[in-house]
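First residue of the sequence shown: 88, per the numbering used here; consecutive thereafter.
Data block below; observations after.
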Amino acid sequence: MEVGFILDGRAVEVPDTGDSLLEVLRQRLGVRTAKDGCSPQGQCGCCTVWVDGTPRVACVTPARRVAGRNVTTLGGLDADRRRAWAEAFAATGASQCGYCTPGIIMRLAGLETRRELDDDAVSRALLAHQCRCTGWQTILEAARVISPGHSSIPAESRPGAPPPVTLTGGCARRDLGAAARRATIEGGSPQQVGLAVVLGQGGFADDTAPPDALVAVFDGKGDWTVAETLAEARARAGKVQGRRSTVGLHYPLEVPPGVWDLCLRTTWVEPAYLETDASWCRPGGEPSSPLANGGAFGAKMSSAAPAAARRLADELGRTVRVVLSREDVVRTGPKRPPMAAGIRRDGTGIMRVGRTPGIAAAVAQVAPGLLVEEDEVVGPPTSAQIRGAGWAEAAVLAAVASRLDDGTGPIRVVGPSGGHAEAWVADDWLRVRVSCGDPLDEVVLRSYCIGAAHMAMGWVRSEGIAVDPVSGAPQDLTIRSFGILGASQMSPVEVEVVDEGGPPVNGSDAVLAAVAAGVWMHDGLPVEWPTTRTEKR
Numbered sequence: 088m089e090v091g092f093i094l095d096g097r098a099v100e101v102p103d104t105g106d107s108l109l110e111v112l113r114q115r116l117g118v119r120t121a122k123d124g125c126s127p128q129g130q131c132g133c134c135t136v137w138v139d140g141t142p143r144v145a146c147v148t149p150a151r152r153v154a155g156r157n158v159t160t161l162g163g164l165d166a167d168r169r170r171a172w173a174e175a176f177a178a179t180g181a182s183q184c185g186y187c188t189p190g191i192i193m194r195l196a197g198l199e200t201r202r203e204l205d206d207d208a209v210s211r212a213l214l215a216h217q218c219r220c221t222g223w224q225t226i227l228e229a230a231r232v233i234s235p236g237h238s239s240i241p242a243e244s245r246p247g248a249p250p251p252v253t254l255t256g257g258c259a260r261r262d263l264g265a266a267a268r269r270a271t272i273e274g275g276s277p278q279q280v281g282l283a284v285v286l287g288q289g290g291f292a293d294d295t296a297p298p299d300a301l302v303a304v305f306d307g308k309g310d311w312t313v314a315e316t317l318a319e320a321r322a323r324a325g326k327v328q329g330r331r332s333t334v335g336l337h338y339p340l341e342v343p344p345g346v347w348d349l350c351l352r353t354t355w356v357e358p359a360y361l362e363t364d365a366s367w368c369r370p371g372g373e374p375s376s377p378l379a380n381g382g383a384f385g386a387k388m389s390s391a392a393p394a395a396a397r398r399l400a401d402e403l404g405r406t407v408r409v410v411l412s413r414e415d416v417v418r419t420g421p422k423r424p425p426m427a428a429g430i431r432r433d434g435t436g437i438m439r440v441g442r443t444p445g446i447a448a449a450v451a452q453v454a455p456g457l458l459v460e461e462d463e464v465v466g467p468p469t470s471a472q473i474r475g476a477g478w479a480e481a482a483v484l485a486a487v488a489s490r491l492d493d494g495t496g497p498i499r500v501v502g503p504s505g506g507h508a509e510a511w512v513a514d515d516w517l518r519v520r521v522s523c524g525d526p527l528d529e530v531v532l533r534s535y536c537i538g539a540a541h542m543a544m545g546w547v548r549s550e551g552i553a554v555d556p557v558s559g560a561p562q563d564l565t566i567r568s569f570g571i572l573g574a575s576q577m578s579p580v581e582v583e584v585v586d587e588g589g590p591p592v593n594g595s596d597a598v599l600a601a602v603a604a605g606v607w608m609h610d611g612l613p614v615e616w617p618t619t620r621t622e623k624r
């Protein structure tokens, strides 16, 4: 039997094999703007399309349910409308890696059709989505640009905004090479900036794989299951959809004994990047990079996908595409290591941390008075390459300890690269001042700083994953279980960029640490992070 529907204005038919709409779009019809960030959880929103004009999450929509109906992807939007949204996102810095952006645009374009692009409506709509990069604020700003009657938004009408943006000024008036250089500095791996990125064309590995490639997925036993299609490979591997656990957060390390002025304990934190690891390779060739447009803030640096793609392609004599599911990424990917520390006002103290190569050197860069003790803990792999791992915790401790006798004014942090940031935190707003050499492109720098502030607030207040203390296996396997703050939970962020000249260096990582320190002080310095999660043990 066949399933027929209208795709972006043309009639299509596909075999009725029980696949999801996302599988049909990507695997059978070659639509790459609908992304797979969590299938079949239906929680990240990256695969959002329209069905008869209404936004739907394609990974949980059976293809047979759209028989005889109209399916619209980002490529099927009116060209002028699609361009306007792309310009608005580029002008405000509302897209960084670009993986989540096509789905978000489809959601917001649906609101535009109903003339419901006010901030409250946009924030509610974004509950169906996840973005790890931007911190949401710039997405709301992009929606304001598109709002009927608003071809530009005065800078003074939104916190920390750059000069007014217009529907035609998103890229045309900027040096996109300089913008890409700033994005690369902030993200730590090569990154593009431009309309193509906003439209989901950042060159992601799974988007560029040849359609006739074999597909390899984890088999759950330390090897790979290979088949002709992704659905077949996952079925053979016995993939089970991940769930959110009822297990509480686990703190594996105790604060070292001693007389301390300040103590902190943390648990494992999931990087939660949306583009799951993927790579493909031809026999005898070089595998594609899982870092095509951003490297998940360091979390993909040790990805197993490229080596597996190369080995399997050489063994099987065919092009092989390796794809990790969301559950695979959580089970096998590196986490921010847990730590427990005590520090004195003079900056001396002890930090215990789960054994992680490079972590002691990272701490020493910013807090030489902290003695690092690496302990063996039962848990998932950890990495010092994750954004600020080790040194950010140390910088927070040192900055706050030095301010215990004077809690007024901003918290200041200098990052390992020399970029420095100050943060002010109130009940319902954040203010950041950042200096990191030549800004190169203030739109991009501002976007990364807002994203870092969002990550910092979540890190202190809500983020963490449950880990079985006996097996060490992560128990929280869904996007919604990681504790990432949604758009409606995020305070407005005002960003002041100070151009001190000189070579450009990373600034947003210093913002991450400064905002984390400010939020922690504002919340009263509880010993355990996250501070607001109730399911602790």
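Note that beta-carbon positions come from the ideal geometry of N, C-alpha and C, so glycine has one too.
Check	Outcome
List, from N- to C-terminal side, the alpha helix (DSSP H) runs of 4 residues or more that fit wholly inside the stretch 152-229.	166-179, 188-200, 206-212
Using a C-beta cutoff of 8 angstroms, does Asp139 count as contacting chain D?	In summary, chain D is missing from the structure at hand, where a single protein chain is found.
Below 8 angstroms on the Cβ atoms is my guess for Val459 versus Val440; work out the distance and round it to an integer in Å.	6 angstroms
For Val547, does the three-state DSSP call read helix, strand or coil?	helix
Cys133 by DSSP, collapsed to three states: which one?	coil
Using three-state DSSP, classify Asp433 as helix, strand or coil.	coil
Take Ala510 as the anchor and find which of Thr406, Leu213, Ser595 has the nearest alpha-carbon.	Ser595
In whole angstroms, what separates the C-alpha of Val252 from that of Arg260?	Residue confidence for Val252 is low, a pLDDT of 49 falling below 50, so the modelled location carries little weight and cannot support an answer.
I want to check one thing, is the minimum distance from the CB of Gly385 to the heavy atoms of the ligand MG below 7 angstroms?	Ligands are entirely absent from the displayed structure, and the ligand MG is therefore not among its contents.
Please report the straight-line C-alpha distance between Ala508 and Arg518, rounded to a whole angstrom.	10 angstroms
Who are Ser107's beta bridge partners in DSSP?	Pro149
What residue does the beta strand (DSSP E) around Ala510 start on, and which one ends it?	507-512
Out of Arg113, Thr135, Cys125, Gln130, which one is the CA nearest neighbour of Gly573?	Gln130
Taking all protein chains shown into account, decide if Pro250 is buried (16 or more other Cβ within 10 angstroms of its Cβ) or exposed.	With a pLDDT of only 47 at Pro250, under the threshold of 50, the placement of this residue in the model should not be trusted, and no figure is reported.
Scan the stretch 250-307 and note each continuous beta strand (DSSP E) run of 3 residues or more that stays entirely inside, going in chain order.	301-305
For Ala600, count the other beta carbons within 10 Å of its own beta carbon; 16 or more makes it buried, fewer makes it exposed. Which is it?	buried
So Val584 packs on Gly505, CB below 8 angstroms; how close in whole Å?	Rounded, the Cβ-Cβ distance is 15 angstroms, inconsistent with contact.
Give me the Cα-Cα distance between Ser534 and Thr104, rounded to the nearest whole angstrom.	42 angstroms
Out of Val356, Pro526, Gly371, Pro421, which has the shortest C-alpha to C-alpha gap to Gly625?	A question about residue 625 goes unanswered here, because the residues of the chain that appear run from 88 up to 624.
The alpha helix (DSSP H) spanning Glu480 covers which residue range?	478-488
Please return the same chain residues whose Cβ sits closer than 7 angstroms to the Cβ of Ala98, not counting the five positions on each side in sequence.	Gly91
For the candidate residues Ala449, Val144, Arg115, Val138, whose alpha-carbon lies nearest to that of Pro127?	Val144
State buried or exposed for Ala322, treating a residue as buried only when at least 16 other CB atoms are found within 10 Å of its CB.	exposed
Rounded to whole angstroms, what's the CA-CA distance from Leu403 to Asp310? Just pull it up for me.	15 angstroms
With a threshold of 6 angstroms on Cβ separation, who are the neighbours of Glu587 within its own chain once the five nearest residues in sequence on each side are excluded?	Ser522
Please report the residue range of the beta strand (DSSP E) in which Glu615 lies.	No beta strand (DSSP E) holds Glu615; DSSP gives it neither H nor E.
By alpha-carbon positions, which one of Val554, Ser389, Ser489, Arg418 ends up nearest to Val465?	Val554
What is the rounded straight-line gap between the Cα of Ser238 and the Cα of Val232?	Below a pLDDT of 50, predicted positions are generally treated as unreliable, and Ser238, at 39, falls in that range; the measurement from the model is reported next regardless. Taking the straight line from one Cα to the other gives about 6 angstroms.
With H, G and I counted as helix, E and B as strand and the rest as coil, what does DSSP make of Met426?	strand
What does the alpha-carbon distance come out to for the pair Glu656 and Ser182?	With the chain represented from 88 up to 624, any question about residue 656 goes unanswered, as that position is not in the structure.
Give the straight-line distance between the Cα atoms of Tyr338 and Leu214, rounded to the nearest whole angstrom.	29 angstroms
Which term fits Pro617, buried or exposed, when burial requires 16 or more other beta carbons within 10 angstroms of its beta carbon?	buried
Identify, in the order they occur along the chain, each residue of the same chain with its Cβ nearer than 6 angstroms to the Cβ of Leu411, setting aside the five sequence neighbours on each side.	Thr363, Asp364
Counting along the chain, where does the alpha helix (DSSP H) carrying Ile446 start and finish?	446-453
Report the rounded CA-to-CA distance for Pro374 versus Gly274, giving the unit in angstroms.	22 angstroms
Just how far apart, CA to CA, sit Asp293 and Trp223?	25 angstroms
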